[in-house]
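These protein sequences, in sequence, are chains C and G. Under our numbering, the first sequence has 404 at position 325, and the numbering climbs by one with no breaks. Under our numbering, the second sequence has 241 at position 216, and the numbering climbs by one with no breaks. Built from N, CA and C at the ideal position, the CB exists for glycine as well.
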Amino acid sequence: MQFFKLVARNALRHKLRTGLTVLGLVIAVLSFGLLQTVVGAWYAGANAAAPDRLVTRNAISLVFPMPLHYREKIRAVPGVKRVGAANWFGGIYQDPKKFFPQFAVDAAQYFDMYPEYRFAGDEKRAFLRDRRGAVVGRKLADTYGFRVGDTLPLRGTIFPGDWSFTVRAIYDGAEARTDTSQMFFHWDYLNETMKRRVPRRADQVGVFVVQIADPARSAEISQAVDAQFRNSSAETLTETEKAFQLGFVAMTEAIVVGIRVVSFVVVFIILAVMANTMAMTSRERLAEYATLKALGFAPGYVAALVFGESLAIAAAGGLLGVACTFPVAAWFSTQTGTLFPVLEVSPTTVALQLACAIAVGVAAAVLPGRRAARVRIVEGLRALG
Amino acid sequence: MTRALIEARNIFKSYRRGGQAVPVLHDLSFDVQRGDFLGLMGPSGSGKSTLLNLLAGIDKPDAGAILVDGVDITQLSESELADWRAGAVGFVFQFYNLMPVLTAFENVELPLTLTPLSRRARREHVAAALRLVGLADRMEHYPSELSGGQQQRVAIARALVTDPKLIVADEPTGDLDRQSAAEVLALLDQLNVQFGKTIVMVTHDRRAAERAHAIKYLDKGELSEGEDLHERSLY
Chain C
80 MQFFKLVARN ALRHKLRTGL TVLGLVIAVL SFGLLQTVVG AWYAGANAAA PDRLVTRNAI
140 SLVFPMPLHY REKIRAVPGV KRVGAANWFG GIYQDPKKFF PQFAVDAAQY FDMYPEYRFA
200 GDEKRAFLRD RRGAVVGRKL ADTYGFRVGD TLPLRGTIFP GDWSFTVRAI YDGAEARTDT
260 SQMFFHWDYL NETMKRRVPR RADQVGVFVV QIADPARSAE ISQAVDAQFR NSSAETLTET
320 EKAFQLGFVA MTEAIVVGIR VVSFVVVFII LAVMANTMAM TSRERLAEYA TLKALGFAPG
380 YVAALVFGES LAIAAAGGLL GVACTFPVAA WFSTQTGTLF PVLEVSPTTV ALQLACAIAV
440 GVAAAVLPGR RAARVRIVEG LRALG
Chain G
26 MTRALIEARN IFKSYRRGGQ AVPVLHDLSF DVQRGDFLGL MGPSGSGKST LLNLLAGIDK
86 PDAGAILVDG VDITQLSESE LADWRAGAVG FVFQFYNLMP VLTAFENVEL PLTLTPLSRR
146 ARREHVAAAL RLVGLADRME HYPSELSGGQ QQRVAIARAL VTDPKLIVAD EPTGDLDRQS
206 AAEVLALLDQ LNVQFGKTIV MVTHDRRAAE RAHAIKYLDK GELSEGEDLH ERSLY
C-alpha cells in the first residue's frame, strides 16, 4: 500500500507539470485515435463487403461500361443467384461540396443482395413502385434533412442534364459499419432517360453486382464469368466485393500511409515530452531515492516507483484520451458530412490507443528508472546538500 | 570480554578526481564498543562522512574489513547490504531526508514496510517511536508543516523504529538552531543511555561533540583519539 501511496502522491506532487503532461497525452492519444479511425473509415467499404457478392467490371477500367446484355449471360453462369446492374451517377446536389455517392441500380435485385440495408414499413415497396423514386441512407438524410416525399434535384455530370427524384425510402444499416451515406435510384430510369437524351450511351452498365450461392466458389465463378466475355469488345474483370473495394483504397494508399505515419509521429512526440518530464522528476528526487536505498529498499523498488509514476500519468492520459475520442469522433463525423460514410471508433483503435499510452509510460521511464535504481547512495545524498 | 560492535581493520579509501586517485582514509583501524556514543570530528574534507558511510554500509572501502556485530559488511553484495542496513542501522542525516509526500507517521513507518510486521504492529511501533521523540500529536503532519527540529526528531524516530543496534548521524544538528539542536542531542543521548543504542555521530559542533562519550579526530586520512575539544581545528 505504501508503494501505491508513494506513486500516487509523487505523481501529484507538481500538479501543473503533471496536469500539462496528462493534457499532452490526452491530445496525443485523442489525435492517434482519430487518425486511426479515419484510416479505418477508408477501409469501411472493404470491411462491410459480403463474401457472397462479386463485382464484374470492364477489364480495362471502371470508366468503361459494359453492354447490358452481359447481365443475362452472367446470370446463366452456374452458381450465380442474382445479378444487378449499377452505375455511378456522380450528380451534384446544390453545390459540388455537398458530395454524396449516388448509384443507379437494378432495384428489385439489388436490395435483395444487400440485406444489411433495412427499410421501415412499406417504404421499399413505395420506392419500387415509383420509377423516379430514390432511396437515401439515414446518415445522408440526417445530413441534408431529406424526408420521405421530398424532391431531390441533381445536376448530372457523367449523365448530363437536370434530374429530379422523389425520396421514397430511407434505409438504416443493420450494423454500425453499414454505409448509410448513399443514394440509390432506378437504373431503368437512368437508362430510359439516356435513350432519349444520348441514345448511344443507353444500355451501358458500370458494374454488375453478382450474388453467388457458395462464397467458397467465388474464384471459380469469377473465372467462369470472365471467360464468357474473353476476346469480346468489353472483356470483364470479376472479383470479390472486398477486393473491388480494396482496389479503391489502393488508389489512395499514399494518403492512408501518410495518416498512419502522422498518427505514430504524434505518439513519438509525446513520448519525448513524457521522457523529459520523467527525467526531470527523477533528477530532482535523486536524494530521496538514495535515502530509500540507504533505509534498505532495493534498487528495483526505487525503479518501480519511477515506472509506477510514469505509468500512472500515462494511464490517466490514455484513459482520458480514449474517453474524449468518442465525442470528438462523433463531432468530426457530423462536420465532415458524408465524406466518411462510416466513422466509427473501433475496439481495435481503443486497444491501440491504450497500448500506445502504456508503451509511452514504460518507455519514458526506462532511462530515469535505470538512473534511480543505479544511483550510488553517497552521490544521491550529496545531491541534496 | 564482549566483542566490540564495530571492528574496523586497515581501512583504505580513495576517490578518483580528474583521473587521479585522491586518498581519503589511510589504514584506519579502530573499534566502537557496544553502547558507545562516538563523536567523529575533523576539518572539512578530512573524510569523516566517508568513514561514517563505510560504517553504515552505504559505501565500500578500497581495502580493509569492517565487522559490525560480527558481520563483515565489506563482503556483502549490494542486495545483502540493503537487507543488512534495513535491520541493523538507523540513519540520521543533516537535512533530515524525509519523504515530503508522506506524513510524519508514514515516514517513520517506511522502514517497517520492509519487515514482516503486521499493519497493526507497525502502527504500534510508529506511535511508540513518535511518542518517544515527543511528536505524538504531529503524526499526520507533512514535513513541510514541521519545523527543522521537529523534522529531525521525525528522522530520529524513523532511525530507531526498527530497533537497530547502530545509529549513524551525519551532522544531525548542522541545519538547526541552538534550541532545536539541544533537543535533538538530548534525544540521541536518551537513545544511547536509556536504550543502549550505539551511536556514531559526525559533527563540527563542539556542543554536540560534548554529548559523545568518546571523540575521534580525523585529519589527512588518519585517526587520533581526542581529549581536548578546544585545541583542535575543526574547519
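Legend entry - Beta carbon proximity, Ala451/C to chain G, threshold 8 Å: For the purposes of this step, residue 451/C is identified with residue 372 of the first sequence, where counting begins at 1. Not an interface residue.
Inset, instruction - For Gln215/G, collect the residues of the same chain with a Cβ closer than 6 Å to its Cβ; drop the 5 residues on either side in sequence, then sort them by chain order. - result: The residue labelled residue 215/G in the question sits at position 190 within the second sequence. Closer than 6 Å at Cβ, skipping near neighbours: no residue.
Legend entry - Test item: CB-CB of Ser389/C and Gly440/C under 8 Å: On the first sequence, position 310 is the one that residue 389/C refers to. On the first sequence, position 361 is the one that residue 440/C refers to. Their beta carbons are under 8 Å apart, which means Ser389/C touches Gly440/C by this criterion.
Inset, instruction - Output yes or no for whether 8 Å exceeds the beta carbon distance between Val341/C and Trp266/C. - result: The count along the first sequence starts at 1 and reaches residue 341/C at position 262. The count along the first sequence starts at 1 and reaches residue 266/C at position 187. No, these two residues do not count as a Cβ contact at 8 Å.
Inset, instruction - Taking the CB atoms as reference points, tell me whether Ile291/C and Asp131/C lie closer together than 8 Å. - result: As a working mapping, residue 291/C is identified with position 212 in the first sequence. As a working mapping, residue 131/C is identified with position 52 in the first sequence. Yes, they are a contact pair.
Legend entry - Asp46/C in three-state terms, based on DSSP: Look at the range of chain C in this structure, 80 to 464, and you will see that residue 46/C is not part of it.
Inset, instruction - Give the range of the alpha helix (DSSP H) segment to which Arg41/G is assigned. - result: Here residue 41/G corresponds to residue number 16 of the second sequence, with the count starting at 1. Run containing Arg41/G: none in the alpha helix (DSSP H); it sits in the beta strand (DSSP E), Ile31 to Arg42.
Legend entry - Any chain G beta carbon closer than 8 Å to Gly375/C: Sequence index remark: in the first sequence, residue 375/C carries index 296 (1-based). Yes, because at least one Cβ of chain G sits closer than 8 Å to the Cβ of Gly375/C.
Inset, instruction - Flag Thr99/G as yes if its beta-carbon sits less than 8 Å from any beta-carbon of chain C, otherwise no. - result: Working through the second sequence from its first residue, we reach residue 99/G at position 74. Not closer than 8 Å to any Cβ of chain C, the Cβ of Thr99/G fails to qualify, so no.
Legend entry - Spatial neighbours of Ile456/C in its chain, beta-carbon cut-off 7 Å, leaving aside the 5 residues before and after: As a position in the first sequence, residue 456/C is number 377, starting the count at 1. Result list for Ile456/C: Ala369, Lys372 and Ala373, in chain order.
Legend entry - Residue ranges of each beta strand (DSSP E) within the region 270–315 of chain C, 3 or longer: 286–291
Inset, instruction - Quick one: give me the first and last residue of the beta strand (DSSP E) that His51/G is part of. - result: By 1-based counting over the second sequence, the position of residue 51/G is 26. From DSSP, the beta strand (DSSP E) with His51/G extends over Gln45 to Val57.
Inset, instruction - Determine the closest residue to Pro136/G out of Ile349/C, Thr272/C, Gln81/C and Ala313/C, with distance taken between C-alpha atoms. - result: Counting from 1 along the second sequence, the entry for residue 136/G is found at position 111. Of Ile349/C, Thr272/C, Gln81/C and Ala313/C, the residue nearest in Cα terms is Gln81/C.
Legend entry - Residues sharing a beta bridge with Gly216/C, DSSP: The residue given as residue 216/C occupies position 137 in the first sequence. Tyr250/C, per the DSSP bridge assignment.
Legend entry - CB contact below 8 Å: Val457/C versus chain G: Position 378 of the first sequence, counting from 1, holds the residue named residue 457/C. With a threshold of 8 Å between beta carbons, Val457/C makes contact with chain G.
Inset, instruction - In angstroms with no decimal places, state the Cα-to-Cα distance between Leu259/G and Val227/G. - result: Reading the second sequence from its first residue, position 234 is the one you call residue 259/G. Reading the second sequence from its first residue, position 202 is the one you call residue 227/G. A caution first: Leu259/G carries a pLDDT of 46, below 50, which makes its placement in the model too unreliable to give a value.
Legend entry - Contact list for the region 126–149 of chain G against chain C, Cβ threshold 8 Å: Val126, Leu127, Glu131, Glu134, Leu135, Pro136, Thr138 and Leu139
Inset, instruction - For the region 104–123 of chain G and the region 46–59 of chain G, state whether three or more C-beta atom pairs, one from each stretch, are separated by less than 8 Å. - result: no
Legend entry - The alpha helix (DSSP H) enclosing Tyr189/C, as first and last residue numbers: Stepping through the first sequence from its first residue, residue 189/C is reached at position 110. Its alpha helix (DSSP H) spans residues Ala186 to Met192.
Legend entry - Under 8 Å by beta carbon: chain C residues contacting Asp108/G: For the purposes of this step, residue 108/G is taken as residue 83 along the second sequence, with counting starting at 1. Here the neighbours are Gly375.
Inset, instruction - Please look up how many angstroms separate the CB atoms of Leu316/C and Ala128/C, rounded, as I've assumed it's under 8 Å. - result: As a working note, residue 316/C is residue 237 in the first sequence. As a working note, residue 128/C is residue 49 in the first sequence. Leu316/C to Ala128/C, Cβ: 16 Å. No contact.
Inset, instruction - Measure the CB-CB distance between Ser158/G and Leu212/G and report whether it falls below 8 Å. - result: Residue 158/G sits at position 133 when you count from the first residue of the second sequence. Residue 212/G sits at position 187 when you count from the first residue of the second sequence. Correcting the residue type first, residue 158/G is Val in the shown sequence and not Ser. Against a cut-off of 8 Å, the Cβ pair of Leu212/G and Val158/G comes out as a contact.
Legend entry - Closer than 8 Å to chain G by CB, Leu85/C: As a working note, residue 85/C is residue 6 in the first sequence. Interface residue, yes.
Inset, instruction - Using a threshold of 8 Å, state whether the C-beta atoms of Ala248/C and Glu202/C are closer than that. - result: Indexing the first sequence from 1 puts residue 248/C at position 169. Indexing the first sequence from 1 puts residue 202/C at position 123. Yes, the pair counts as a contact, with Cβ atoms nearer than the cut-off.
Inset, instruction - Report whether the distance from the Cβ of Ile437/C to the nearest heavy atom of the ligand NAD is below 7 Å. - result: Of ligands this structure carries none, so the ligand NAD is not represented either.
Inset, instruction - Closer than 8 Å by beta-carbon distance: list the chain C residues that pair up with Ser104/G, in chain order. - result: In the second sequence, counting from the first residue as 1, residue 104/G sits at position 79. Here the neighbours are Ala377.
Inset, instruction - Let me know if Glu151/C comes out buried or exposed under the rule of 16 or more other beta-carbons within 10 Å of its beta-carbon. - result: Counting from one through the first sequence, the residue named residue 151/C turns up at place 72. Exposed, by the Cβ-count rule.
Legend entry - Ordered list of alpha helix (DSSP H) runs contained in the region 82–168 of chain C, each at least 4 residues: Taken in chain order, the complete alpha helix (DSSP H) segments of 4 residues or longer contained in the region 82–168 of chain C are 94–121, 123–127 and 149–154.
Inset, instruction - List the residues of chain C whose Cβ lies closer than 9 Å to the Cβ of Asp84/G, in chain order. - result: The count along the second sequence starts at 1 and reaches residue 84/G at position 59. What Asp84/G touches in chain C: Arg455, Ile456 and Val457.
Legend entry - Contact check, Asp293/C vs Gly158/C, beta carbons under 8 Å: By one-based count along the first sequence, residue 293/C stands at place 214. By one-based count along the first sequence, residue 158/C stands at place 79. Closer than 8 Å, so yes.
Inset, instruction - Look at Arg183/G and Val133/G and say whether their C-beta atoms are less than 8 Å apart. - result: To locate residue 183/G, count along the second sequence from 1; it is residue 158. To locate residue 133/G, count along the second sequence from 1; it is residue 108. Yes, Cβ-Cβ distance for Arg183/G and Val133/G is below 8 Å.
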